[in-house]
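Following: one structure in structure tokens, then a few remarks.
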Amino acid sequence: MAKVCVTGAAGFIGGHLAEALLREGHEVAGMDDFSSGKRETAALLAKHAKFTLIEASIADAEAVRRAVEGAIQVFHLAAIPSVPLSVAEPQRTTAVNVGGTVNVLEAARAARVRRVVLACSCAAYGDGPEQPKHENLMPRPMSPYAAQKVACELFAQTYTRAYGFPCVALRFFNVYGPRQDPKSEYAAAIPRFATRLLAGQRPIVYGDG
867 MAKVCVTGAA GFIGGHLAEA LLREGHEVAG MDDFSSGKRE TAALLAKHAK
917 FTLIEASIAD AEAVRRAVEG AIQVFHLAAI PSVPLSVAEP QRTTAVNVGG
967 TVNVLEAARA ARVRRVVLAC SCAAYGDGPE QPKHENLMPR PMSPYAAQKV
1017 ACELFAQTYT RAYGFPCVAL RFFNVYGPRQ DPKSEYAAAI PRFATRLLAG
1067 QRPIVYGDG
């Protein structure tokens, strides 16, 4: 099986994805700086002979190049996934989230990968009243993090048009499942609700939910 690169491989989604790819027989180059990823997840992946860890930030263009080199496909899941932190530190989070995504796209272009799949966010929609949400709605980012994710989508679209390799952006909503830490500052609503319900407590809903 061919080599695949997963950025954010020690994260919640990235860890499950890397594990599934390894089960299918792929060689996986996982990249993570452990700013939010878990070393326990990396240790689990390291049990597979075909897993290689590159411990570095996506802001490090040379490290990204090494991770992507030889891969046929890239799953870009690494980011600083915090709205409050993006509000407090817009320059630093933009440098990582947007600049790091450009590093991934550049490395993928140089390596002539077949496809890049990148994680984006439902935060792109903002508080617009339209239901259900769909891809053709105009983005209405309401935080630096949301704007960063929209910018990443636009860069991916531009690279597809300018350089001809396919990029697919996935706008995640509330992703949940095993190994998710409900106490994490990055935890979504569903694991927090489930944790309170299992403890016999009512979920805390802000506003109209």
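Quick note on this note's numbering: the sequence shown kicks off at 867 and runs consecutively.
Every residue gets a Cβ at the ideal spot worked out from N, C-alpha and C, and that includes glycine.
Item	Value
Contacting residues, own chain, Cβ-Cβ under 8 Å from residue 1003 (five flanking each side not counted)	991, 994, 996
Backbone CA spacing between residue 984 and residue 918 [nearest angstrom]	20 Å
Three CB pairs or more closer than 8 Å across the stretch 902 to 921 and the stretch 874 to 889	yes
Residues that residue 986 bridges to, as DSSP identifies them	1037
DSSP three-state assignment for residue 1015, whether helix, strand or coil	helix
Inter-residue CB distance, residue 1098 and residue 949 (contact presumed, cutoff 8 Å)	The question about residue 1098 has no answer here: the residues shown for the chain are numbered 867 through 1075.
Anticipated Cβ contact below 8 Å, residue 937 with residue 870, distance rounded	6 Å
When 908, 899, 900, 904 are compared against residue 888, the one with the closest alpha-carbon	908
Own chain residues within Cβ distance below 7 Å of residue 1021, not counting five before or after	967, 968, 971
Residue 1060 and residue 1048 closer than 9 Å at C-beta	yes
Opposing strand residues paired with residue 869 [DSSP bridges]	893
Completely contained alpha helix (DSSP H) runs for the stretch 902 to 928, where each covers 4 or more residues	905 to 911
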